[in-house]
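The structure appears below as C-alpha cells.
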Amino acid sequence: MISIELLRNNPEILEQGLKNRGEESSIQKILKYDDTRRKNIVENDELKRQRNEVSKSIGARRSKGEFVNESELKLMKEVGTKIADLDNEIKDIEFNMHELLSRVPNIPESDVPIGKDENDNPVIRQHGEKPKFSFDLESHWDIGERLDIIDLPRGAKLSGSRFYTLKGLGSKLERALIAWMLDYHTNKHNYTEVSVPYLVRQEIIYGSGNLPKFGDNLYHDTEDDLWLIPTAEVPITGLHKDEILELSELPKYYVAHTPCFRREQAAAGRDTRGIKRVHQFNKVEMYKIVDPETSDHELDTLLSNAEDICEELGLTYRIVQLCTGDISFVSAKSFDIEIWAAGCEEWLEVSTCSNCTDFQARRTSLRYRPDINSKPQFVHTLNGSGLAIPRVMIAILENYQQSDGSIVIPEILRPYTGFDRIGPSKL
RNA sequence: GGAGGGAUGGCAGAGUGGACGAAUGCGCUGGUCUUGAAAACCAGUAUACCGGCAACGGUAUCGUGGGUUCGAAUCCCACUCCCUCCGCCA
C-alpha cells in the first residue's frame, strides 16, 4: 500500500512512478475521494461531539431526578439518524478509495533503470563462464527420463500438465538441495528457519500484495476460503501482522522451505517442456524485516546470500536489474539471479531479490518503534529466493552431465545426497 | 462433527446502561533517594482518523458486523477466532 500522506502531498512523485512502470494512474480519483471523505468526517465528528455532550447532560439530569423533555430526545434522535447516514456515506467512500488504493503498485526507487519490459533489464555482472563441452548435450527432460529420475507423464496423469514427479536419486537430490540451502542460510547467514502453513487466509495474501490484483495466479479453496501460497513470502509477511516490534528486535531474518503453487494462467503456452515452469514446486525463501534506514544495504546482502548458493554449486550465473517496467507490484527495487542451463541453452531465473520498502508493511500493519517514546513506524520488508529448486536441478543436470551420460553431483551437496553421481547409464 | 467455556490496553485482570479510553497489578519510561545498583516513593505510559504551523482540540476503537437507546465494554441478533472435553483421523 502506498502512503496516503505521500499521495496527498506529492502526487506528482506517484504519477511519475506509475508512468515509469507503464501503469495507468488512479491518483486523481483517489484524491477526490480523499477530499470528500475528509469533509464528511469533519461534519460527522461535530455531530457526534454534540450528541455526546447532550447525552451526558441527559444522564446527569436524570440521575438528579430532573425532568428531561421529549422534544430534546426527539431532536437527538434526528441527530442520530444524520450520523448514521454520514457513517454509511463515509464507509462507501472508504470502500471505493481502498479498491483503487490497493491496486496502486509500489514506487520504484530513484536508481531503478527506466524501461518497458524485461528487454530493458540491464545485466549488472556475470559470475563464471558458460561451460564448454566436447559432446552433444541433452536437455534436462531427456536426462530425467533416461535416468528415470524425472517422470513428467506420470505427473500429468496425477494432476495434469505442468505437474511432475521425481523418483529415486532425483527425489533425493531435491531433498538434499532443500536441506543444504536451509542449513547454509541458517548457519552462514544467520537466518532463522521457519515452517509455515501452505494455506492462508485472504487477509494474509492481501498483505503480501498478491490480492486483489493477482488472484488469477492463485489456487483458492472456496469451501474454507483459504488460499494456497505462491511463495513462502506470503505467510512470512503475515507472521508479524498487526505487531509493533522494538527496534532491538530488528533486523529479523527468516528462511523457509515451502512448496509454491501457481496457476500460471498468464504464461499459457510458454515453457511447456520439462520442469522449468510448473504449477507446484519447492523453493527456499529468504525474508528480512528491517529498519527502513538499512533496507538498501540489506538488499545487497540478501542478493549476495542468494549468490553464495549459486557459487557453492559451481553454477554460472548473472545478475540482472529489473527495470521500472518489469519490477513486481510490491517491489521498489529488484535484482534477478539467472543461472546458465547448458542443455536448453538459456538463462534461468532462480531468484528475485526485492526491497519492498514499507509497501507490504502497510498492507499487513507491521510496524516498529524507533525508540521507546516515539510513534510506531512501518518497517521495510525484503524477500528473495535462495533458491527455486526445480531450476537449480535443471542447471545441475544439464551443466554437470558427463560424456558417459551420468550426472556428477556438486561437491558441496554430497554430504546431503550420500552419492556423488547419478548414472552412469548407457546413452 | 458433538458439548461446553472464552475474546477488555504491552501482559495479567476488574467492570451488567450514563462522568469508562476504561479500576488494580505487572511491565516499560523519566524523576527522587543511593557511592552505584536493588527496594521504596512520585510522575508518565494505547492505536487510528480528522482539524490545526504548532500547542492542542475532536472523533472512533473493549473479537467482527448489525440492532435497541438521547446514550452501549455493558442489552439483543448474526458471524469469526481461541481454549477444554468427546468422537474421527495423520
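Those letters in the first sequence? Residues 0 to 426, per numbering that gives the first Met the number 0, in order. All residues carry an ideal CB built from backbone N, CA and C; glycine is no exception. Quick caveat: nothing in here was measured; it's all calculated off a predicted structure.
- In terms of CA proximity to isoleucine 336, Ile308 leads the group Gly342, Ile308, Arg361.
- As computed with DSSP, lysine 332 is found in a beta bridge with Asn354.
- The DSSP assignment places complete beta strand (DSSP E) segments of no fewer than 3 residues inside the region 164-213 at 198-200, in order along the chain.
- A contact is defined here as three or more CB-CB pairs under 8 Å, and the region 248-257 fails this definition with respect to the region 349-358.
- Looking at the DSSP output, tryptophan 140 shares a beta bridge with no other residue.
- C-alpha of leucine 312 to C-alpha of glutamate 128: approximately 14 Å in a straight line.
- Scanning the region 217-267 for uninterrupted beta strand (DSSP E) segments of 3 residues or longer gives 225-227, 243-245, 251-260, listed from N- to C-terminal end.
- DSSP places alanine 387 in the uninterrupted beta strand (DSSP E) bounded by 379-387.
- Counting along the chain, arginine 60 sits inside the alpha helix (DSSP H) bounded by residues 26-62.
- Rounded to the nearest whole angstrom, the CA to CA distance from glutamate 232 to asparagine 354 is 12 Å.
- One alpha carbon belongs to glutamate 71, the other to asparagine 39, and they sit about 25 Å apart.
- In its chain, beyond the 5 residues on either side, Trp140, Tyr163 have a beta carbon closer than 7 Å to the beta carbon of leucine 151.
- CA-to-CA, the gap between tyrosine 415 and methionine 96 works out to about 52 Å.
- Arginine 261 and asparagine 216 do touch by the CB rule: their CB atoms are close to 6 Å apart, below 8 Å.
- Residue pairing by DSSP puts isoleucine 421 in a beta bridge opposite Ile406.
- Taking glutamate 192 as the centre and dropping the five residues before and after it, the same chain places the C-beta of Leu181, Thr185, Val254 closer than 6 Å to its C-beta, in chain order.
- Spatial neighbours of leucine 17 in its own chain (CB-CB distance under 6 Å, excluding positions within 5 residues in sequence) are listed in chain order as Ser24.
- In this structure, the CA atom of isoleucine 3 is about 17 Å from the CA atom of proline 107.
- Relative to lysine 28, the option among Glu93, Gly79, Lys166, Gly404 whose CA is nearest is Glu93.
- Cα atoms of arginine 413 and aspartate 419: separation of roughly 6 Å, rounded to the nearest angstrom.
- For aspartate 403, the CB contacts under 6 Å within the same chain, skipping 5 residues up- and downstream, are Pro423 in chain order.
- Methionine 285 carries a strand assignment under DSSP once its states are collapsed to helix, strand and coil.
- Per DSSP, the unbroken alpha helix (DSSP H) holding tyrosine 415 starts and ends at 413-416.
- A distance of 8 Å or more separates the beta carbons of isoleucine 243 and arginine 362.
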